[in-house]
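Read through the structure below, which is laid out as structure tokens, and then see the notes.
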Amino acid sequence: MLQNDTPITPELIASHGLKPDEYQRILDLIGREPTLTELGIFSAMWNEHCSYKSSKKWLRTLPTTGPRVICGPGENAGVVDIDDGQAIIFKMESHNHPSFIEPYQGAATGVGGILRDVFTMGARPVAAMNALRFGSPDHPKTRHLVSGVVSGVGGYGNSFGVPTVGGEVNFHPRYNGNILVNAFAAGLADADKIFYSKAEGVGLPVVYLGSKTGRDGVGGATMASAEFDESIEEKRPTVQVGDPFGEKLLLEACLELMKTGAVIAIQDMGAAGLTCSAVEMGAKGDLGIELDLDKVPCREANMTAYEMMLSESQERMLMVLRPEQEEEAEAIFRKWGLDFAIVGWTTDDLRFRIRHQGAVVADLPIKDLGDQAPEYDRPFVRRPVPAALAAADVAEPNDYAEVLLKIVSSPDMASRRWVWEQYDHLIQGNTAQKPGGDAAVIRVEGHDKKGLAFSLDVTPRYCEADPFEGGKQAIAECWRNLTAVGAEPLAATDNLNFGNPEKPEIMGQFVGAIEGIGAACRALDFPIVSGNVSLYNETNGVGILPTPAIGGVGLMPDIDAMATIAFKNEGDVIVQIGRDGTHLGQSIYLREILGREEGTPPTVDLAEERRVGDLVRGLIRGRLVTACHDLSDGGLLTALAEMAMARGLGATVAIPEAVATRHGFLFGEDQARYVVTVSPSVLDAVTAAAAEAGVEARVLGTVGGEMLDVSGITTISVAKLKQGHDNWFPDFMAVSD
Amino acid sequence: MKSAVVVFPGSNRERDMIAAIEKITGHRPAVVWHGDHDLPKVDLIVVPGGFSYGDYLRSGAIAAREPIMGAIAREAERGVGVLGVCNGFQILCEAGLLPGVLMRNAGLKFICKEVELRVETTDSRFTRGYAKGQVIRSPVAHGDGNFRTDDETLKRLQDEDRVAFRYVDNPNGSIDDIAGILSEKRNILGMMPHPENLIEPLNGGTDGRPLFEAALAAVA
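These protein sequence lines map, in sequence, to chains E and R.
All residue numbers for the first sequence refer to my numbering, where the first residue is 5 and numbers rise by one.
All residue numbers for the second sequence refer to my numbering, where the first residue is -2 and numbers rise by one.
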């Protein structure tokens, strides 16, 4: 076991992920060689995950404020006003690397971490989602990873008791060596009872709550520990192990404690555990923190200060409490069978001082660890966008029915029922729209009609071709999906997954995507209130597709007016809202049918997006539509098939004779578009409303029968489509390796 | 019309159950903590769903040995109604208040979906609001719902008309498609499906309501 006075060698520094110039900065800051524990603390605080050193410059350019934003980025999660004195608190975070190494526990602890971020702020979690990206279905590891990640997400969320109501699952060979597991959680709180991490007051007790500290996670993010202490690597998995039962108890105990008024500041122990949580509480409050590690509840004997400070054991919290309520607080935690220990106190000297077995093992300037960590302006290059691809230069299908069947049964487009039936999406009894629609909807507990909508979106192939347009499109599609159920989009969280930022072309993707996200957020009044950056998603020099996943939240005053995608009534008129489809570059048709990933992605006209969306939301809220679906992957014909399959009801449609290309019209992925169905009696009112808004509305046909019929082009049975659509996932997972 | 909902560490559908009972009856159930040794005088005791003690060791096994279980057994013996849903069913089996055991789903995966149940007997305070043979909808959400007994016990359950519900399309491999069973005195019902999650239009149906209406009206 390494002692605290172990000499600091260049190898040790490198194995902590610190660059020589960063180490020099440490020497300059503290004026001496750091102890081993201090080196560990610096590496934990200054790594990319905690410090955002490569991304901070660009994250600052995103719009993060708005009339409904109570708290933007910088806290555990974003806080947004949802009227009636209530707030929704939400965030998305990645757990990519652990999930690739150990899919069950990696995914489970990803869910646990994001739930903790939400209830740390005083909110009871009411919805969870996750955006999952796997390698090619043909890759030998994919099935194992899908199976492990899905059971891990379910295993944690189901036991904890939060409904998992939505998300994304995609496959692409570029994720073969780096899957993405992005977990989203949202919780409900009173707007005047939000809890923050900023400590206030000198000489107050710092309290450790929750599970005990073990060696799990030591050496996780920043350290290649094999060179430096092989025994750690041999004995411990670097992936933490989740205990959803412990987390459920921690939730109940924290919420009960918060009601007593005893909590001044609270921070969960996530990445870099005790180090990060203590430094954040102190640095934010302009206070020093002194910790006595002899008081830390430990699961294993003889843990060193280094191990305790870097442990990522799960289900732990740090709080600053009002001293006069200490006993009351302790009684609550004992009742729930959880550890409660005073492990330190706040000071006025701005030092982060750690004592262990009578000695001071670390004594560092707290502000430099936290808000004054290094920041880089990394060089970047923008790759030229590919040449545009005209629909006329893309082969038209010989058999539209066969093509449609192939699209709806393809890995990225097939039903995700196999996945979401393993998630408890009904618990809490407020689920108004289950997975499978454009957005999930829950009722706000205590209200009859108020609802919240949630959606996760990004189209990585668009981002790869053109990061700026791809970033815009991710925001626009999320905003559109919330709109398509009738919600007013309020705010979003971003989970920015990219490759190695030290490569200028990767940094160029990052910068482009951020610029696109920012432009769309500003145009749509859809601020980013929280988020997470995951870089270095590369294996053998091959990076993932740039994947800036967006999680959006929308508000619905009247849940009874909510729209769903399913065709409802025979005879309803099908209306396309927005411009005609033309764009086949980077489309699902091009990729799934012709095996080509070429061209530019569709551009998003943000003013048009807003105009069309506001119209559609108004129609839904005015109860003029009987179904609504946004147009995205696979274009119009795919959307019609999805609406038909949702309830086994067909449709007869015709496309205009003057159309430029038929396949562009039917499979084009042009943005800012929806399909709605309306009763014939209100058709005139709907087209008039569209005309008044300056939005195109085109009558396509009527709902009815068992076939999806495109006049003069093709006809296919809805049951046949549904069979292919429903069976791909279970069939894929049923194959034994 | 008084009821109590028993909460164990790791229970997680107690809030659904409390809300459902309150919405249906207008009365909020008493909430009883697992460490208590006594129950208030009520007409219905509910052991809700969840993952008591994280399902560690075996689902329901640890909770079944808690102090409150003695009180539940005493009240059940006096004829008070006891409803165990999902983890509650597992706990009642582990405590010996109902026969049989709930094993891992046959497909080895957690299942959350709506299923159809056939009401097999109306001869109980829980099921008399339905018609015999009626098919009702109900969500399931469990990983350990595969009901198993020995042949002799199964025969007794069948012969004594103690199978309350059967799955129309068995999702978890339960023997004889059993979804819920009654105790010998017919005052204890254990079932895997969640009637408390289908009680209002928002849930997509109200087939769960008659169970609560009957159970709480029976002794009013």
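Yeah, the Cβ is synthetic: ideal placement off N, Cα and C, and Gly gets one too.
Along chain E, which residues have their Cβ under 8 Å away from the Cβ of residue i?
i               : result
L41 of chain R  : The premise fails here: L41 of chain R is roughly 19 Å from chain E at the closest Cβ pair, so nothing lies under 8 Å.
R10 of chain R  : G165, I431
I108 of chain R : E425, Q426
F162 of chain R : Neighbours of F162 of chain R on chain E: none; closest Cβ ~18 Å, over 8 Å.
A58 of chain R  : Per Cβ cutoff of 8 Å: no residues; A58 of chain R is ~14 Å from chain E at best.
A219 of chain R : Any answer about residue 219 of chain R is impossible in this case: the structure gives chain R only from -2 up to 217.
Which of the three DSSP states, helix, strand or coil, is assigned to residue i?
i               : result
P62 of chain R  : Strictly speaking, residue 62 of chain R in this sequence is Arg, with Pro absent from that position. Helix at R62 of chain R.
S47 of chain E  : helix
V39 of chain R  : coil
I18 of chain R  : helix
K507 of chain E : coil
W424 of chain E : helix
E231 of chain E : In this predicted model, E231 of chain E has a pLDDT of only 32, less than 50, meaning its place in the structure is not dependable; the value taken from the coordinates is given anyway. In this structure, E231 of chain E counts as helix in the three-state DSSP scheme.
S721 of chain E : strand
R240 of chain E : The predicted model places R240 of chain E with a pLDDT of 45, which falls under 50 and marks its position as unreliable; any figure quoted below should be read in that light. Three-state DSSP puts R240 of chain E in coil, outside helix and strand.
D142 of chain E : coil
V537 of chain E : strand
G117 of chain E : helix
P390 of chain E : coil
K152 of chain R : helix
Y212 of chain E : strand
P383 of chain E : coil
G289 of chain E : coil
D461 of chain E : strand
G159 of chain E : helix
K197 of chain E : coil
F669 of chain E : helix
T497 of chain E : strand
W62 of chain E  : helix
D730 of chain E : helix
A225 of chain E : Because A225 of chain E carries a pLDDT of 43, less than 50, the predicted location of this residue cannot be relied on, and the following value inherits that uncertainty. Three-state result, A225 of chain E: coil.
A738 of chain E : helix
D120 of chain R : coil
W264 of chain R : There is simply no residue 264 of chain R to check, as chain R begins at -2 and stops at 217 in what is shown.
Let me make sure I understand the geometry here. Which of the options has the alpha-carbon closest to that of residue i?
i               : options                        : result
P77 of chain E  : E:D529, E:E646, E:G535         : E:G535
L635 of chain E : E:D442, E:L628, E:A689, E:G474 : E:D442
A91 of chain E  : E:L192, E:S58, E:V185, E:S103  : E:L192
I108 of chain R : E:R147, E:G114, E:N162, E:N100 : E:N162
I336 of chain E : E:D470, E:E52, E:H20, E:L213   : E:L213
E172 of chain E : E:F571, E:Y404, E:A132, E:L208 : E:A132
I268 of chain E : E:R386, E:N182, E:G126, E:T308 : E:G126
N184 of chain R : R:S121, R:K110, R:I172         : R:S121
Strictly by DSSP, which residues pair up with residue i?
i               : result
Y27 of chain E  : Beta-bridge pairing links Y27 of chain E to no other residue.
Q437 of chain E : E:V445
E197 of chain R : R:G202
K454 of chain E : Looking at the DSSP assignment, K454 of chain E forms no beta bridge with any residue, so it has no partner.
K110 of chain R : R:V137
A701 of chain E : E:I581
C632 of chain E : E:V680
T217 of chain E : E:C302
Y164 of chain R : R:L114
How close, in whole Å, do the beta carbons of residue i and residue j come, if the pair is a contact with beta carbons under 8 Å?
i               : j               : result
G221 of chain E : A112 of chain E : In fact, because the Cβ distance is near 13 Å, the residues do not count as touching under 8 Å.
N80 of chain E  : D272 of chain E : 7 Å
G170 of chain R : N102 of chain R : 6 Å
C258 of chain E : F123 of chain E : 6 Å
V714 of chain E : F458 of chain E : So it is not a contact: roughly 33 Å between Cβ atoms.
G277 of chain E : R320 of chain E : 7 Å
V137 of chain R : Y127 of chain R : Between Y127 of chain R and V137 of chain R the Cβ distance is about 18 Å, and since that is not below 8 Å, they are no contact.
Starting from the beta carbon of residue i, find every residue of chain E whose beta carbon is closer than 7 Å, and list them in chain order.
i               : result
N194 of chain R : L430, G433
D13 of chain R  : I431, Q432, G433
G47 of chain R  : G165
A16 of chain R  : G433
Under 8 Å Cβ-Cβ, which residues of chain R neighbour residue i?
i               : result
R447 of chain E : L199
D247 of chain E : G51
L253 of chain E : P6, G7
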